[in-house]
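Number of protein chains: 2
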Amino acid sequence: MPKDIYGLESLDFFVFDIRYKADGKPLPVMKRRELAENYGFTQVKLFGEFAIEKAPAEITEIIRELGKTEHEGVVIKDPEMVLQPIKYTCSESNNADLRHAFRFYNDSGRDYMFPRVVREGFQSFEWNESEEELRERCLRLGESILRPMIQSIREVENNRRISEDVRIRVKNRDTIDRFRSYLERLGVDVVFSEPERVGDEYLVRINKVNQSTTDKTKSILEGQLWS
Amino acid sequence: MPKDIYGLESLDFFVFDIRYKADGKPLPVMKRRELAENYGFTQVKLFGEFAIEKAPAEITEIIRELGKTEHEGVVIKDPEMVLQPIKYTCSESNNADLRHAFRFYNDSGRDYMFPRVVREGFQSFEWNESEEELRERCLRLGESILRPMIQSIREVENNRRISEDVRIRVKNRDTIDRFRSYLERLGVDVVFSEPERVGDEYLVRINKVNQSTTDKTKSILEGQLWS
Numbered sequence: 002m003p004k005d006i007y008g009l010e011s012l013d014f015f016v017f018d019i020r021y022k023a024d025g026k027p028l029p030v031m032k033r034r035e036l037a038e039n040y041g042f043t044q045v046k047l048f049g050e051f052a053i054e055k056a057p058a059e060i061t062e063i064i065r066e067l068g069k070t071e072h073e074g075v076v077i078k079d080p081e082m083v084l085q086p087i088k089y090t091c092s093e094s095n096n097a098d099l100r101h102a103f104r105f106y107n108d109s110g111r112d113y114m115f116p117r118v119v120r121e122g123f124q125s126f127e128w129n130e131s132e133e134e135l136r137e138r139c140l141r142l143g144e145s146i147l148r149p150m151i152q153s154i155r156e157v158e159n160n161r162r163i164s165e166d167v168r169i170r171v172k173n174r175d176t177i178d179r180f181r182s183y184l185e186r187l188g189v190d191v192v193f194s195e196p197e198r199v200g201d202e203y204l205v206r207i208n209k210v211n212q213s214t215t216d217k218t219k220s221i222l223e224g225q226l227w228s
Numbered sequence: 002m003p004k005d006i007y008g009l010e011s012l013d014f015f016v017f018d019i020r021y022k023a024d025g026k027p028l029p030v031m032k033r034r035e036l037a038e039n040y041g042f043t044q045v046k047l048f049g050e051f052a053i054e055k056a057p058a059e060i061t062e063i064i065r066e067l068g069k070t071e072h073e074g075v076v077i078k079d080p081e082m083v084l085q086p087i088k089y090t091c092s093e094s095n096n097a098d099l100r101h102a103f104r105f106y107n108d109s110g111r112d113y114m115f116p117r118v119v120r121e122g123f124q125s126f127e128w129n130e131s132e133e134e135l136r137e138r139c140l141r142l143g144e145s146i147l148r149p150m151i152q153s154i155r156e157v158e159n160n161r162r163i164s165e166d167v168r169i170r171v172k173n174r175d176t177i178d179r180f181r182s183y184l185e186r187l188g189v190d191v192v193f194s195e196p197e198r199v200g201d202e203y204l205v206r207i208n209k210v211n212q213s214t215t216d217k218t219k220s221i222l223e224g225q226l227w228s
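As given, the protein sequences belong to chains A and B, one line each in that order. Under my numbering, the first residue of the first sequence carries the number 2, and numbering increases by one thereafter. Under my numbering, the first residue of the second sequence carries the number 2, and numbering increases by one thereafter.
Next up, the structure:
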């Protein structure tokens with residue numbers, strides 16, 4: 002989902018891993034960081050290197066802090082890159098994803114929901130939450146699911162279509178037309194704004210209709226049954 | 002899910018509809034009730050017959066009352082049986098179903114969840130809930146999902162297997178063995194209690210292991226990733 006929190010004006014490339022071409026083996030984390038830095042590539046923030054027995058407590062603390070600003074979470078890597086990396090997301094980010102998904106509940110709610118809900122359950126268990134913390138988590142989860150859905154139902158009742166706004170920035174005006182035909186070929190229902198000049202780029206706002214959620218909500222409001 | 006609220010000791014047959022054999026046309030509701038009563042068949046409770054403009058308010062009231070005792074809900078029928086019947090469930094029953102499903106989240110959580118969650122969203126909209134009512138509904142939903150899941154995680158951590166108890170009553174001891182072989186042929190992992198004599202029947206408790214939830218939880222607790 003779109004996040005405005007990384008301070009990026011436009012797109013950017015990040016180096017996550019560097020691998021040998023022949024056998025696909027990854028460089029150790031610190032070697033990769035050094036190499037990427039020497040060549041001027043952008044990398045994600047390194048929060049630190051932790052001994053394995055201290056890592057759970059340190060990472061829990063980082064996750065709690067990141068959650069406060071709705072950052073997504075961390076990827077935990079073996080410095081030698083032998084063990085598989087582990088992605089660990091903040092509860093706030095899970096909930097932000099759910100809020101986004103449930104606004105378009107019939108387009109993206111179903112499959113999206115289950116893994117995030119399970120993460121919430123395991124995190125509460127791992128953190129050995131108090132009754133009060135668990136209650137807050139349950140409320141947060143319920144609100145992330147129901148509030149955006151109800152907002153969408155209201156909008157359809159007021160004859161609006163459920164849609165989301167996305168923005169793209171391109172260097173070349175031609176790219177806009179080519180992206181539009183690409184989306185139309187995919188059958189996505191989109192409205193493009195007039196391109197706006199920003200620095201040496203064009204900014205285009207795209208309104209994308211979530212047809213499935215709009216239609217389903219309309220049909221239920223008109224008395225059709227769920228199926 | 003098993004409900005203990007209908008005051009039944011064992012199984013019972015209920016007549017819901019009576020149809021003509023030749024063309025499948027249903028009898029009007031009142032005719033069906035009369036006929037079934039004359040023949041001594043059990044039927045579900047009739048809450049009343051309502052004019053169409055009064056029905057929404059009356060049924061809302063019934064649903065709120067039924068919810069308090071976790072009854073499932075109502076089936077709304079056209080007296081002439083021309084329009085399709087509509088099943089309308091209580092929020093409390095949706096949540097009871099979710100609590101049951103999320104205890105066995107990896108066996109029954111996924112597909113089970115979505116329609117019930119959507120019902121909660123529409124009911125809140127239909128009832129035009131206050132901020133306080135909506136908050137309570139969100140909390141109820143979140144708790145129905147997370148609490149049973151966390152309980153299951155705790156049980157697996159304590160080396161218990163996630164299982165559910167069901168009971169059957171049979172007239173004939175042979176039926177028990179035949180039911181057991183049937184379940185074993187299906188690959189269901191079950192433990193049968195010793196049959197207990199109750200009146201002219203045998204009561205058997207069956208413990209059914211939810212292998213998928215047990216295994217998945219165990220593997221995550223041992224450090225495997227969700228997939």
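Cβ coordinates follow ideal geometry from the N, Cα and C atoms, glycine included.
Counting only C-beta atoms, is residue i closer than 7 Å to chain B at any point?
i	result
residue 118 of chain A	yes
residue 147 of chain A	yes
residue 174 of chain A	no
residue 28 of chain A	no
residue 111 of chain A	yes
residue 142 of chain A	yes
residue 82 of chain A	no
residue 213 of chain A	no
residue 3 of chain A	Here the model assigns residue 3 of chain A a pLDDT of 47, short of 50, so the residue's position is not dependable, and the following value carries that caveat. With 7 Å as the cut-off, residue 3 of chain A does not count as an interface residue toward chain B.
Is the distance from the Cβ of residue i to the Cβ of residue j below 7 Å?
i	j	result
residue 97 of chain B	residue 71 of chain B	yes
residue 146 of chain A	residue 99 of chain A	yes
residue 18 of chain A	residue 27 of chain A	yes
residue 213 of chain A	residue 112 of chain A	no
residue 16 of chain B	residue 42 of chain B	yes
residue 207 of chain B	residue 167 of chain B	yes
residue 86 of chain B	residue 30 of chain B	no
residue 195 of chain A	residue 172 of chain A	no
residue 105 of chain A	residue 211 of chain A	yes
residue 192 of chain A	residue 184 of chain A	no
residue 120 of chain B	residue 160 of chain B	no
Please decide whether residue i counts as near chain A, where near means a Cβ-Cβ distance under 7 Å.
i	result
residue 139 of chain B	yes
residue 126 of chain B	yes
residue 156 of chain B	no
residue 151 of chain B	yes
residue 115 of chain B	yes
residue 200 of chain B	no
residue 122 of chain B	yes
residue 219 of chain B	no
Rounded to whole angstroms, how far is the Cβ of residue i from the Cβ of residue j, which I believe are closer than 8 Å?
i	j	result
residue 165 of chain B	residue 209 of chain B	5 Å
residue 153 of chain B	residue 163 of chain B	5 Å
residue 116 of chain A	residue 227 of chain B	6 Å
residue 64 of chain B	residue 75 of chain B	7 Å
residue 114 of chain B	residue 114 of chain A	7 Å
residue 139 of chain B	residue 140 of chain A	6 Å
Counting only beta-carbon atoms, is residue i nearer than 7 Å to chain C?
i	result
residue 38 of chain A	Note that chain C does not occur in the displayed structure, where the protein chains are A and B.
Cβ of residue i within 6 Å of any heavy atom in the ligand PLP?
i	result
residue 173 of chain B	Looking at this structure, you won't find the ligand PLP or any other ligand, since it has none at all.
Below 8 Å, how does it come out for the region 84-102 of chain B and the region 60-71 of chain B: are there three or more Cβ pairs, yes or no?
yes
Can you find at least 3 beta carbon pairs, one from the region 135-145 of chain A and one from the region 132-148 of chain B, that sit closer than 8 Å?
yes
Return the chain-ordered ranges of every alpha helix (DSSP H) run that is complete within the region 174-210 of chain A and spans a minimum of 4 residues.
174-186
Using 8 Å as the Cβ pair cut-off and three pairs as the minimum, do the region 115-133 of chain B and the region 175-189 of chain B touch?
no
Please specify which runs of the beta strand (DSSP E), each continuous and at least 3 residues long, are wholly inside the region 63-107 of chain A, giving them in chain order.
74-77 and 87-90
Which parts of the region 143-171 of chain B are runs of the beta strand (DSSP E), unbroken and 3 residues or longer, counting only runs that do not cross its ends?
164-171
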